[in-house]
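Taking my numbering, the leading residue of the sequence shown gets 655, the next gets one more, and so forth.
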Amino acid sequence: MELLDKTIKIKLEAFMYDINKILSDTIIQGFDAIEALINIDSFLEAEQGMKNLSRVQRELAAYCTSTALIEKSKELRERLDGIVNEILQRDFEDINTYSMNSPKDLITKLRIIALRGNARFNQVYNIMLGKIRQNFSTAIEQVRAAALEERANKEIDSKLKDILPFKVDIDKLEEELKKKIQKLGAQLLAIASKGELSSRDSDQFRMFYNHLASLDKYTARIGFDARQFLDASEEKIFDQVMSLSKEIRSSSSDVPKVAKLLTKMKFFAENLSMFDNKINEEIDEILKIYKQQEGPAVLMQLTMILEKTDIGARLISEHSSLSGEDWRRRREKMQNQDNLEYVLKELAGDDITTDVLATCYQTFRATYDDLISRILGVFDQKKDNEPDLEVLINQTKALVATVTKKPNTIIWDHSFKDKIPELLAHIFAVWTLKNTQHYNALRGIESARAYLLMPHVAQVLAIFRILGIGYNKYTKIKGSNKSLTEKISDDLINNLVEIGTGEGKSVVMAVTACVFALLGVDVNCSCYSEVLSARDKKDFASVFRALGVEERIEYAMIGRITLLTRTFGRGTDFICRNQQLLLNGGMHVLQTFFSEELSEEYQIIGRGARQGDYGSYRMILLDKDLEWVLGPNWKTELPKILGTTLYAALNKARNAIYESKCAAKELGIEQCKHEHNASKEFMTALSEVEGTTIPLYWK
């Protein structure tokens, strides 16, 4: 250096200084990163990083003479050497702090390092694990040793301590609470002890009972039993119910009195909802006994008295022993629906041919009456619970056996339409004969047939119209001598039939469904009410089962939404078999999260439009759920991109995150390659060792 020109010497010294500074700063930044790894308990990565940087520092020792670098290196090395003691000094004794300072992550990382054969960290892992287990055992023993009352007091104290500015007297509060519960119980029992409850009494009873029921599971903590009042009140109410039941047994010949007593029992069931099931069961039991003792004629007198009041009408409709009478009353009120001329006169709509409808109905009625008379004529109720319908069902299926069927197609021509009146007669006959329980009970009296479930004219004509019968566009209807206009098409046209309230929509829908199901068509019956849909399916299940079409008829609710997790976004076809839904635009898929990968989003979009079907898609997102893609400043970033640029901005940010993850995976793969190659070299070297030297090697 002394022989160099002064200018060159100055430049070389400046260059050496710059090199020293740049290298030192770079290595110090590495040491800072290692320190950050130690702070987050990534000890394995920290030691590996320190090992690599120490090697670099030694190689560049002649060029890195920075005092700061040497001190930082020394400080970090000392910390790593003493990391075991640093870990053991951490305080995990109070398990109440675990929600904010959990040792779970630390234990997991120590275990991973220990499994890799690091003896130093294996020792600290076992010590820390033992300490934490001991802390939990001590805490559990302390809880077990504490009295139940003390636990409750501590819990209340801890909750109130930070809320109230004054000290709470737990003992005083308990005594006041016991007095209030005692007062509630006394009021409840006072009402239950009354001979007859009014509507106001029953309202107060429910209020007091529900208050005590809600307190029941907590009162044990203060050494008080609220259940005693609930059980005592229930016992008093049922004493009154059973007293009424016994009085009915002893006054069975006095029908008006029995009606009055039943009304009182039903009042208890309707106004004390907590006991309604048990009281209704007792009503069913006493009605069953009464029916057996007095016979159907007296039961008819009872229903005539009950139907004069609202509560009596509910007794008739809700209890099986009286529901047959409810059927009879409804038939009487709907006599006009059995009047063909009246129904045809009131029938409104386009393109109606009343004479064809009349002829078809007469064919239906003659067939139906003949089937019912023949089967009931040979039915022996002493031997069988219901008529044998095997022959009838086989005849029904034979009527549709001749229908021409092709793949995905059924030929709906005149030869089949001519059989529809007869087919409906057979299906309705199955329905009637599957519901003969009340007819059986009243068989032998003059009006027994009034207790059979039978179709009304309006119901049958409605099904005719749905199935395309009675329209001017058809040329010929079997049995009709009237000349009609020229036929337009043999296909089944799309028909809308409006049925008024109480005119039997459920029956029309179920029997129409049977017609299509017998032809091999899957039928979906939709309703706006899930309750009504389930009721209809249950009411006609026996008919569907008898005809063998139960699997083809599905009852569901309009507007049903299916909630699925993101797992179903791939590899799951959402198949729509509802043709009306497809005509309305198909299935609509709603995504409520922003996918981490665009490929997943494409998969979800394609769930509802499979194999050429129609479908639609929309994404609705919650703003705070976008933090993962927009970062911690999402609240300020989101308003800037709202509108048409929202999706493009989110997609760009998502792609950036995805590319970063891919780069990290590539780095991990490169790191694994070194270990993989080292393993291969080891196995190769091991395979080349002579057999005699292998035992020595393993020793």
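Glycine included, each C-beta is placed from N, C-alpha and C at the ideal position.
(message) Is any non-hydrogen atom of the ligand ATP found closer than 8 Å to the C-beta of R1028, if you look at the structure I gave you?
(response) Ligands are entirely absent from the displayed structure, and the ligand ATP is therefore not among its contents.
(message) If you reduce the DSSP assignment to three classes, tell me which class S1137 lands in.
(response) Reliability fails at S1137, whose pLDDT of 37 lies under 50, so the model's placement of it is uncertain and the value that follows must be treated cautiously. Looking at S1137 - three-state DSSP - the assignment turns out to be coil, as it is neither helix nor strand.
(request) Take L730 and list the residues in its own chain whose beta-carbon comes closer than 7 Å to its own, dropping the five residues that flank it on each side. (result) F685, I688, E689 and M704
(request) On a CA-only basis, which of K728, A951, S856 and D825 is nearest L926? Give me that one, please. (result) S856
(request) Say whether chain C places a C-beta atom closer than 9 Å to the C-beta of E1040. (result) In the structure shown, chain C does not exist; there is a single protein chain.
(message) Suppose the cutoff is 7 Å on Cβ atoms and the five residues either side in sequence are ignored; what does the same chain contact list for T1346 look like?
(response) With a pLDDT of only 49 at T1346, under the threshold of 50, the placement of this residue in the model should not be trusted, and no figure is reported.
(message) Excluding the 5 residues flanking L1077 on each side, which residues of the same chain have their C-beta closer than 6 Å to its C-beta?
(response) L1053
(message) Here's the rule I'm using: 16 or more other beta-carbon atoms within 10 Å means buried, otherwise exposed. How should L1296 be labelled?
(response) exposed
(request) Answer yes or no: do I786 and I737 have a C-beta to C-beta separation smaller than 9 Å? (result) no
(request) List the endpoints of the continuous alpha helix (DSSP H) containing M723. (result) Reading off the sequence, residue 723 comes out as Leu, not Met. Its alpha helix (DSSP H) spans residues T721 to D735.
(message) I'd like the span of the beta strand (DSSP E) that includes R1272, first residue to last.
(response) G1269 to M1273
(message) Can you look up N1149 in the DSSP assignment and give me helix, strand or coil?
(response) coil
(message) Given a cut-off of 9 Å on the beta-carbon distance, is the pair I1117 and V1162 in contact?
(response) yes
(message) Let me confirm a value: G1098 is counted as buried when at least 16 other C-beta atoms fall within 10 Å, else exposed. Which label applies?
(response) Reliability of the predicted coordinates at G1098 is poor, the pLDDT of 42 falling under 50, and no value is obtained from them.
(message) Quick check on the DSSP output: the alpha helix (DSSP H) that includes Q1245 runs from which residue to which?
(response) Careful: Q1245 lies outside any alpha helix (DSSP H), inside the beta strand (DSSP E) at M1241 to Q1245.
(message) Measuring only the C-alpha atoms, how far is L1121 from F1018?
(response) 14 Å
(request) Return the CA-CA distance between H1110 and T1007, expressed in angstroms with no decimal places. (result) 19 Å
(request) Within its chain, find whatever has a CB closer than 6 Å to the CB of K675; leave out the 5 residues flanking it on each side and keep chain order. (result) none
(message) Once the 5 residues before and after A867 are set aside, which same chain residues still bring their CB inside 7 Å of it?
(response) L884
(message) In chain order, what are the residue ranges of uninterrupted beta strand (DSSP E) at least 3 long that sit wholly in the region 891-978?
(response) none
(message) Pop quiz: V895 and E850 are said to be a contact at Cβ under 8 Å. What is the actual Cβ separation, rounded to whole angstroms?
(response) 12 Å between Cβ atoms; not a contact.
(request) Determine the contact status of L1311 and E1250, defining contact as a CB-CB distance below 9 Å. (result) A quick correction: the sequence has Ile, not Leu, at residue 1311. Yes, they are a contact pair.
(request) Just grab the DSSP bridge partners of N674 for me. (result) According to DSSP, N674 bridges with nothing at all.
(message) Let's see if you can read the secondary structure: which residues bound the alpha helix (DSSP H) around S853?
(response) S853 to T873
(request) Can you grab the Cα-Cα spacing for the pair S975 / Y944, in whole Å? (result) 10 Å
(message) Beta-carbon within less than 7 Å of K1159's beta-carbon, same chain only, minus the 5 sequence neighbours each way: which residues are those?
(response) I1153
(message) Could you tell me the alpha carbon to alpha carbon distance between W1352 and T1338, rounded to whole angstroms?
(response) With a pLDDT of 44 at W1352, under the threshold of 50, the modelled position of that residue is not reliable, and no figure is offered here.
(message) Quick check on the burial criterion: 16 or more other C-beta atoms within 10 angstroms. Buried or exposed for H1080?
(response) buried
(request) With DSSP collapsed to three states, give me the class of K1088. (result) coil
(message) Given this structure, state the Cα-to-Cα distance separating L1025 from F1194, to the nearest angstrom.
(response) 20 Å
(message) Quick check on V1045: buried or exposed, where buried means 16 or more other Cβ atoms within 10 Å of its Cβ?
(response) exposed
(message) Using a 10 Å radius around the Cβ and a threshold of 16 neighbouring Cβ atoms, would you call N1309 buried or exposed?
(response) exposed
(request) Indicate whether the contact test is met: 3 or more Cβ pairs, each with one atom in the region 1196-1206 and one in the region 1164-1177, closer than 8 Å. (result) yes
(message) Helix, strand or coil for K1060? Go by DSSP, reduced to three states.
(response) strand
(request) Taking I933 and M919 to be in contact with their CB atoms under 8 Å, please state how far apart those CB atoms are, rounded to whole angstroms. (result) 6 Å
(request) Can you tell me which of E972, D879 and V952 puts its alpha carbon nearest to the alpha carbon of T917? (result) E972
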